[in-house]
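Colleague: Numbering (our numbering), first residue to last: 12 to 508. Submitted below is the structure of interest, expressed as structure tokens.
Next comes the structure, spelled out in structure tokens:
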């Protein structure tokens, strides 16, 4: 459109035809002047809108005014950098003080603003206040810059910034309400303080490093080892609510930071004295939402951090399962964990061999947390009936075949020695223990399953599950796993006889 072409510096005549650009009409003298001035690289995007109110404010700029400077070029593309030359302030906004207003000798126009950079912008400018031997103001080396008025706005006072934030919040109120309604419609997703969430959103969207925030959560976690400090933190409603808001933000770049936040809350679950419905709901919501992320995402970094968060959430649920959960909460959390286990085990078993070969410590930790959680359901008829479905039993059989140590099987997962292998072996032991309980005829009748049929459906070839059990049973180094494997073999013999 004509308006977009004007923004790109193109001239439109009365007939609607495009003329030469501003840069072309400036010709060599202006281009040479701009190169001498050292323009800041442009992203061809104007940060500050050209509305009448803004233009009036820009025209009234005076020497000494505090301003914010956009990092766009004054009308021309930057010249190639010479050896040792730095690109200056690139793609960011810097603050400074107006030191010159009006015409300059190195370029046409009287709408130039010379700015003495302050704060983090010091040393990232283009000059020391002089260009081509003409001094316009004094400042340190590379702490001065010349830009067009359109790329400068007056820096507002703190009160004005707060008013703008309030106005922005009111402007987005409809969107916030829609988000809250959506959150309330989704089971397991907690309604959070939207002001708190918006605060985190603004902070984190402007800081892609997050190092300060990560360090803050680690400091809080270290303080939580002291009972007085821990009690104070656990009873600080704003801290808990704000941390929950961080965990529920949908920013993939925040994944590792969210793990630190969740780790802090999970550390609280160890020391709870009374039921905390808010934490329980959060942990269930994390398992439910992050399982969906695993199902749809292909980003390896996001998948890894998501698995870390899931392992933390399952650990927290395990801490509060017996002492503080009611029957409905136990059933819900077990179902969510069982669905996650089925998805993980089946995607490994049915996926390409490369997926099993690249199974990591993170996968082992998650399987260990899940299988340890399932052991808590044993002995409860209501939980066993609602959680231990045929899909779960089949996936448990497949997991045993993948981790039994038979390298000749295509489904084999190579498990390393040491701590890494310890998680996988512990998960194998838990799964075998669950299967040994399910293999009892009374358990099969109660659950309405046929163990022999499930084995036949799960194994890739006849007797492969039996071979895996025999391999585990003969390996005395695996301890409890060996005992459980022998128990299952004995029960299979009874069933088939």
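In this text, a Cβ means the ideal position worked out from N, Cα and C, and glycines have one as well. As the structure is a prediction and not an experimental result, all values here were calculated from the model.
Taking the alpha-carbon of residue 284 as reference, which of 471, 305, 242, 254 has the nearest alpha-carbon?
Modeller: As a first step, residue 284 is located in the chain shown; it is residue number 273 there, counting from the start. With distances taken between Cα atoms, residue 284 lies closest to 242.
Colleague: Taking the beta strand (DSSP E) that residue 156 falls in, what are its first and last residues?
Modeller: Taking the first residue of the chain shown as 1, we reach residue 156 at position 145. Element bounds for residue 156: 155-159.
Colleague: Under the three-state reduction of DSSP, which class applies to residue 264: helix, strand or coil?
Modeller: Walking along the chain shown from the start, residue 264 turns up at place 253. Three-state DSSP puts residue 264 in a helix.
Colleague: Let's test the definition: count the other Cβ atoms within 10 Å of the Cβ of residue 232 and tell me whether it reaches 16, buried, or not, exposed.
Modeller: Residue numbering aside, residue 232 sits at position 221 when the chain shown is read from its first letter. The C-beta of residue 232 has 16 or more other C-beta atoms within 10 Å across all chains shown, which makes the residue buried.
Colleague: State the start and end residues of the unbroken beta strand (DSSP E) segment that holds residue 125.
Modeller: Within the chain shown, residue 125 is the residue found at index 114, counting from 1. Its beta strand (DSSP E) spans residues 123-128.
Colleague: Since residue 406 and residue 374 are thought to touch, with beta carbons under 8 Å apart, how far apart are those beta carbons, to the nearest angstrom?
Modeller: In the chain shown, counting from the first residue as 1, residue 406 sits at position 395. In the chain shown, counting from the first residue as 1, residue 374 sits at position 363. A Cβ-Cβ distance of about 14 Å is found for the pair residue 406 and residue 374, leaving them out of contact under the 8 Å criterion.
Colleague: Spatial neighbours of residue 280 within its chain, please: C-beta separation below 6 Å, excluding the five flanking residues on both sides.
Modeller: Taking the first residue of the chain shown as 1, we reach residue 280 at position 269. The residues are 327, 330, 331.
Colleague: Kindly identify the DSSP beta-bridge partner or partners of residue 113.
Modeller: In the chain shown, the residue the question calls residue 113 occupies position 102. Paired residues: 123.
Colleague: What are the boundary residues of the alpha helix (DSSP H) that residue 477 is part of?
Modeller: Sequence index remark: in the chain shown, residue 477 carries index 466 (1-based). Run containing residue 477: 475-485, per the alpha helix (DSSP H) assignment.
Colleague: For the structure I just gave you, are there three or more beta carbon pairs, one from the stretch 139-149 and one from the stretch 158-166, closer than 8 Å?
Modeller: no
Colleague: When burial is assigned at 16 or more other CB atoms within 10 Å of the CB, is residue 353 buried or exposed?
Modeller: On the chain shown, position 342 is the one that residue 353 refers to. Residue 353 should be labelled buried.
Colleague: Please say whether residue 298 and residue 325 have beta carbons closer to each other than 8 Å?
Modeller: On the chain shown, residue 325 is found 314 positions in, with the first residue counted as 1. On the chain shown, residue 298 is found 287 positions in, with the first residue counted as 1. In contact: residue 325 and residue 298 (Cβ atoms closer than 8 Å).
Colleague: CB-CB under 8 Å to residue 487, same chain, minus the five flanking residues each way: which ones, in chain order?
Modeller: As a working mapping, residue 487 is identified with position 476 in the chain shown. Excluding sequence neighbours, residue 487 sits near 493.
Colleague: Given residue 267, which residues of its chain have a CB within under 6 Å of its CB, disregarding the five upstream and five downstream residues?
Modeller: The residue given as residue 267 occupies position 256 in the chain shown. By the criterion of a C-beta distance shorter than 6 Å, residue 267 is surrounded in its chain by 316, once the five residues flanking it on both sides are discounted.
Colleague: Exposed or buried, what is residue 30 when buried is set at 16 or more other beta-carbons lying within 10 Å of its beta-carbon?
Modeller: The residue given as residue 30 occupies position 19 in the chain shown. Here residue 30 scores only 45 on pLDDT, less than 50, and its place in the model should not be relied on; the value that follows carries that caveat. When all chains shown are included, residue 30 counts as exposed.
Colleague: Could you check if residue 452 is buried or exposed, using at least 16 other CB atoms within 10 Å of its CB as the buried criterion?
Modeller: Start at 1 with the first residue of the chain shown, and residue 452 comes out as number 441. By the neighbour-count definition (other C-beta atoms within 10 Å, threshold 16), residue 452 is an exposed residue.
Colleague: How far does the alpha helix (DSSP H) with residue 137 in it extend, from its first residue to its last?
Modeller: Taking the first residue of the chain shown as position 1, residue 137 is located at position 126. No alpha helix (DSSP H) contains residue 137, which DSSP labels as neither H nor E.
Colleague: Just to confirm, are residue 159 and residue 135 a CB contact at a threshold of 8 Å?
Modeller: As a first step, residue 159 must be located in the chain shown, where it is residue number 148. As a first step, residue 135 must be located in the chain shown, where it is residue number 124. No, the pair does not count as a contact, with Cβ atoms beyond the cut-off.
Colleague: Would you mind sorting residue 318 into buried or exposed? The rule is 16 or more other CB atoms within 10 Å of its CB.
Modeller: Taking the chain shown and counting its residues from 1, the one referred to as residue 318 is at position 307. Buried, by the Cβ-count rule.
Colleague: Assess contact between the stretch 470-487 and the stretch 399-416, defined as three or more Cβ pairs (one per stretch) separated by less than 8 Å. Is contact present?
Modeller: yes
Colleague: Going by other Cβ atoms of all chains shown within 10 Å of its Cβ, with 16 needed for buried, is residue 499 buried or exposed?
Modeller: Looking up residue 499 in the chain shown gives position 488. With 16 or more Cβ atoms within 10 Å of its Cβ, residue 499 is classed as buried.
Colleague: Please report the straight-line C-alpha distance between residue 473 and residue 277, rounded to a whole angstrom.
Modeller: Position 462 of the chain shown holds residue 473. Position 266 of the chain shown holds residue 277. Roughly 44 Å between the two C-alpha positions.
Colleague: Quick one: measure Cβ to Cβ for residue 76 and residue 109, integer angstroms, because I've assumed they're closer than 8 Å.
Modeller: Indexing the chain shown from 1 puts residue 76 at position 65. Indexing the chain shown from 1 puts residue 109 at position 98. About 5 Å; that satisfies the 8 Å criterion.
Colleague: Mapping DSSP to helix, strand and coil, what is residue 164?
Modeller: As a position in the chain shown, residue 164 is number 153, starting the count at 1. In this structure, residue 164 counts as strand in the three-state DSSP scheme.
Colleague: Helix, strand or coil: which one does DSSP assign to residue 343?
Modeller: Taking the first residue of the chain shown as 1, we reach residue 343 at position 332. Residue 343: helix per DSSP, three-state reduction.
Colleague: According to DSSP, simplified to helix, strand and coil, what is residue 451?
Modeller: As a first step, residue 451 must be located in the chain shown, where it is residue number 440. DSSP places residue 451 in coil when its eight states are reduced to three.
Colleague: Tell me whether the beta-carbon of residue 381 lies closer than 8 Å to the beta-carbon of residue 348.
Modeller: By 1-based counting over the chain shown, the position of residue 381 is 370. By 1-based counting over the chain shown, the position of residue 348 is 337. Yes, the pair counts as a contact, with Cβ atoms nearer than the cut-off.
Colleague: If residue 130 and residue 111 are in contact, beta carbons under 8 Å, what's the gap, nearest whole angstrom?
Modeller: On the chain shown, residue 130 is found 119 positions in, with the first residue counted as 1. On the chain shown, residue 111 is found 100 positions in, with the first residue counted as 1. So it is not a contact: roughly 19 Å between Cβ atoms.
Colleague: Ordered along the chain, which non-local residues of its own chain (more than five positions away) have a Cβ less than 7 Å from that of residue 496?
Modeller: What you label residue 496 is simply residue 485 of the chain shown in a count that begins at 1. For residue 496, where only same-chain residues beyond five positions count, the Cβ hits under 7 Å are 443, 480, 483, 484.
Colleague: Spatial neighbours of residue 417 within its chain, please: CB distance less than 7 Å, with the 5 preceding and 5 following residues excluded, ordered by chain position.
Modeller: For the purposes of this step, residue 417 is identified with residue 406 of the chain shown, where counting begins at 1. Hits under 7 Å: 423, 478, 479, 482.
Colleague: Under a three-way DSSP split, which group does residue 301 fall into?
Modeller: Along the chain shown, read from residue 1 onward, the residue named residue 301 stands at position 290. Reduced to three states, the DSSP call for residue 301 is helix.
Colleague: DSSP has residue 145 in a bridge; who is on the other side?
Modeller: If you number the chain shown from 1, residue 145 lands on position 134. DSSP, once it has assigned bridges, lists 142 as partnering residue 145.
Colleague: How is residue 424 classed by DSSP in three states: helix, strand or coil?
Modeller: Taking the first residue of the chain shown as position 1, residue 424 is located at position 413. Coil.
Colleague: In angstroms, rounded to a whole number, what distance separates the CA positions of residue 289 and residue 264?
Modeller: Looking up residue 289 in the chain shown gives position 278. Looking up residue 264 in the chain shown gives position 253. Answer to the nearest angstrom: the Cα atoms are 25 Å apart.
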